[in-house]
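A.B. asks: The working numbering numbers the first residue of the sequence shown as 564 and each following residue consecutively. Note that beta-carbon positions come from the ideal geometry of N, C-alpha and C, so glycine has one too. Please read through the structure below; I'll follow up with questions.
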Amino acid sequence: MNRDEAIALDLADPLQVLRSRFSLPAELIYLDGNSLGALPVGVAERVSEVIQAQWGRDLIASWNKHHWMDASARVGDRIAPLVGAEAGEVIVGDSTSINLYKLLCAAVRMRPDRSVIVTEQGNFPSDSYMVASVAEQFGLTVRLVDPHGNDPTVFGDDVAVVCLSHANYRTGALYDLPAVTSAVHDCGALMLWDLAHTAGVMPIDLSANGVDFAVGCGYKFLNGGPGAPSFSYVARHLQCEVHQPLTGWLGHVAPFAMSDTFVPADSIARLVVGTPSVLSLVALEAALDAFDGVSMADLRAKSVALGELMIERVGERLRGHGVTLVSPAESVRRASHVSLLHSNGYEIVQALIAQRVVGDYREPGLMRFGFAPLYTRYVEVFDAIELLADVLETGVWREPQFAVRASVT
Ligand SMILES: *Cc1c(COP(=O)(O)O)cnc(C)c1O
């Protein structure tokens, strides 16, 4: 493909108008929406209005008057259709790490006669660490699946819960969510999916696949802003069986009764711990307007096409530069980012950022490029690989400033 053909793809793209729902710096190719989604138009105004007109004027009355207290459930109901859940099955609050802890504990308590938690080798650190911590706390053992082997026989009848990331954060490799969920249920275990890298870029059908639990990230493809609260999903029929360990006052059935003993809410609200981060919830709620009228199938189709374009250009332009594709080449097995391996990946990503192409770096040696089909253009993917080829051909990445490690990579 040449550059004109990439431009033609943008012109023919039915989703191209959605780019105007975002405020992106000119001349920047942003391929990191899988790490921090771009700022949607209107978010700043909504947050500012809540600060000035609600907090500033109505002060504490805003909890009722402006429905601050309902924000966790209300934003959950906005996310629900994006992940194939029903109203009342998703709630927003806390970080993904904390929500993993709550749901892992709840799951092992629901299978008291089972002794194993399954997760995958190389899962995202919080997922692995929380699994280890919960296993230690409950005296269970951890069994690791090989994400490449995907062998369902490890799901024996001693397994309480299986916790996997729908897409691997390093490689973008996707699990077959329906097949794995069904294998997990066949052995009587519960399934907890981490949707951090898939919510907001592809159709996900939690209800139809009978998924028990899920968590997902507010600041990646949902564009809720830095540190946006995470969402949790609990299938409705399990909600009254869930006993999560962080029993704060706002998970109580009647918080303002100020009772001495904890009685959980009879809904997903029992996952709430303490006072919601209202400003962050408002930002996420406003950001979700960017999905109005958008079909997840269309987003997925564009995300796949962007990924295929990148892989084609990598094959064409980067040969002989020591770069290898570590993401699955087959689109059905890949989420919405492509990772390339190079032993100097860190320096190369920094040199590319200096050329105003933003990807990110993950150990070991991975250069990661994400496609946010709401705003990423085909020509940007084309240009990004041209610039990456330049960086490799000129060797500019060897300049010492690119080797300086910042705390966030
Ligand atoms: C981004 C990400 C998280 C983030 O967790 P935080 O608690 O928000 O820092 C968790 N799990 C996976 C798989 C992720 O990709």
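(1) In the DSSP assignment, find the beta strand (DSSP E) that holds residue 606 and state where it starts and stops.
(2) Spatial neighbours of residue 553 within its chain, please: CB distance less than 6 Å, with the 5 preceding and 5 following residues excluded, ordered by chain position.
(3) Answer yes or no: the CB of residue 690 versus the heavy atoms of ligand 1, is any distance below 7 Å?
(4) Quick check on residue 565: buried or exposed, where buried means 16 or more other Cβ atoms within 10 Å of its Cβ?
(5) Are residue 573 and residue 942 closer than 8 Å when you measure CB to CB?
(6) On a Cα-Cα basis, can you pick out the residue from 844, 674, 688, 810 that is closest to residue 703?
(7) Given that a residue counts as buried once 16 or more other Cβ atoms are within 10 Å of its Cβ, and exposed if not, what is residue 882?
(8) Taking the C-alpha atoms as reference points, what is the distance between residue 940 and residue 888?
(9) With distances taken between CB atoms, is the gap from residue 636 to residue 820 smaller than 8 Å?
(10) Identify the continuous beta strand (DSSP E) that holds residue 931 and give its terminal residues.
(11) Determine contact between the segment 786-806 and the segment 643-660, defined as no fewer than three beta-carbon pairs at a distance below 8 Å.
(12) Answer yes or no: do residue 767 and residue 740 have a C-beta to C-beta separation smaller than 8 Å?
(13) Grouping DSSP H, G and I as helix and E and B as strand, with all else coil, what is residue 776?
(14) If you measure between the beta carbons of residue 776 and residue 670, is that distance less than 8 Å?
(15) When you compare only the Cα positions, how much space is there between residue 759 and residue 791?
(16) Measuring from the CB of residue 658, is there a heavy atom of ligand 1 at a distance below 7 Å?
(17) Could you give the distance in angstroms between the alpha-carbon of residue 641 and the alpha-carbon of residue 655?
(18) Assign residue 914 to one of two classes, buried (16 or more other C-beta atoms within 10 Å of its C-beta) or exposed (fewer than that).
(19) Let's test the definition: count the other Cβ atoms within 10 Å of the Cβ of residue 628 and tell me whether it reaches 16, buried, or not, exposed.
(20) Return the residue from the list 601, 970, 621, 827 that minimises the CA-CA distance to residue 784.
(21) Quick one, are the C-beta atoms of residue 512 and residue 763 less than 8 Å apart?
(22) Opposite residue 683 in the DSSP bridges: which residues?
(23) Give the straight-line distance between the Cα atoms of residue 905 and residue 879, rounded to the nearest whole angstrom.
(24) Pair every Cβ in the segment 839-858 with every Cβ in the segment 610-621, then say whether three or more of these pairs are closer than 8 Å.
(25) Taking contact to mean 3 or more Cβ pairs, one atom from each stretch, closer than 8 Å, check whether the segment 862-870 and the segment 931-938 are in contact.
C.D. replies: By the coordinates alone:
(1) To locate residue 606, count along the sequence shown from 1; it is residue 43. Where residue 606 is concerned, there is no enclosing beta strand (DSSP E), although the alpha helix (DSSP H) it sits in stretches over 606-612.
(2) A query on residue 553 cannot be resolved here, the shown segment of the chain reaching from 564 to 972 and no further.
(3) The sequence position of residue 690 within the sequence shown is 127, counting from 1. It does: the Cβ of residue 690 is within 7 Å (strictly closer) of some heavy atom of ligand 1.
(4) In the sequence shown, the residue the question calls residue 565 occupies position 2. So residue 565 counts as exposed.
(5) In the sequence shown, the residue the question calls residue 573 occupies position 10. In the sequence shown, the residue the question calls residue 942 occupies position 379. Closer than 8 Å, so yes.
(6) The sequence position of residue 703 within the sequence shown is 140, counting from 1. Of the listed residues, the one whose Cα sits closest to residue 703 is 674.
(7) Here residue 882 refers to the residue found at position 319 of the sequence shown. So residue 882 counts as exposed.
(8) Position 377 of the sequence shown holds residue 940. Position 325 of the sequence shown holds residue 888. Straight-line measurement puts the Cα of residue 888 at about 21 Å from the Cα of residue 940.
(9) Translated into positions along the sequence shown, residue 636 becomes position 73. Translated into positions along the sequence shown, residue 820 becomes position 257. No, the pair does not count as a contact, with Cβ atoms beyond the cut-off.
(10) As a working mapping, residue 931 is identified with position 368 in the sequence shown. Residues 929-933.
(11) Contact holds: three or more Cβ-Cβ distances are below 8 Å.
(12) Counted from its first residue, the sequence shown places residue 767 at position 204. Counted from its first residue, the sequence shown places residue 740 at position 177. Contact: yes.
(13) Locating residue 776 in the sequence shown gives position 213, counting from the first residue. In this structure, residue 776 counts as strand in the three-state DSSP scheme.
(14) Your numbering for residue 776 matches position 213 in the sequence shown. Your numbering for residue 670 matches position 107 in the sequence shown. Yes, these two residues count as a Cβ contact at 8 Å.
(15) Taking the first residue of the sequence shown as 1, we reach residue 759 at position 196. Taking the first residue of the sequence shown as 1, we reach residue 791 at position 228. Spanning the two alpha carbons is a distance of roughly 12 Å.
(16) Stepping through the sequence shown from its first residue, residue 658 is reached at position 95. Result yes, Cβ under 7 Å from ligand 1.
(17) Here residue 641 refers to the residue found at position 78 of the sequence shown. Here residue 655 refers to the residue found at position 92 of the sequence shown. Between residue 641 and residue 655, the C-alpha separation is close to 10 Å.
(18) Walking along the sequence shown from the start, residue 914 turns up at place 351. Label assigned to residue 914: buried.
(19) Locating residue 628 in the sequence shown gives position 65, where the first residue counts as 1. The residue in question, residue 628, is exposed, as its Cβ has fewer than 16 Cβ neighbours within 10 Å.
(20) In the sequence shown, counting from the first residue as 1, residue 784 sits at position 221. Comparing Cα-Cα distances from residue 784 to each of 601, 970, 621, 827, the minimum goes to 601.
(21) The chain is shown only over 564 to 972; residue 512 falls outside these bounds and no answer can be derived.
(22) Here residue 683 refers to the residue found at position 120 of the sequence shown. Its beta-bridge partners are 708.
(23) For the purposes of this step, residue 905 is taken as residue 342 along the sequence shown, with counting starting at 1. For the purposes of this step, residue 879 is taken as residue 316 along the sequence shown, with counting starting at 1. Cα to Cα, residue 905 sits roughly 17 Å from residue 879.
(24) yes
(25) yes
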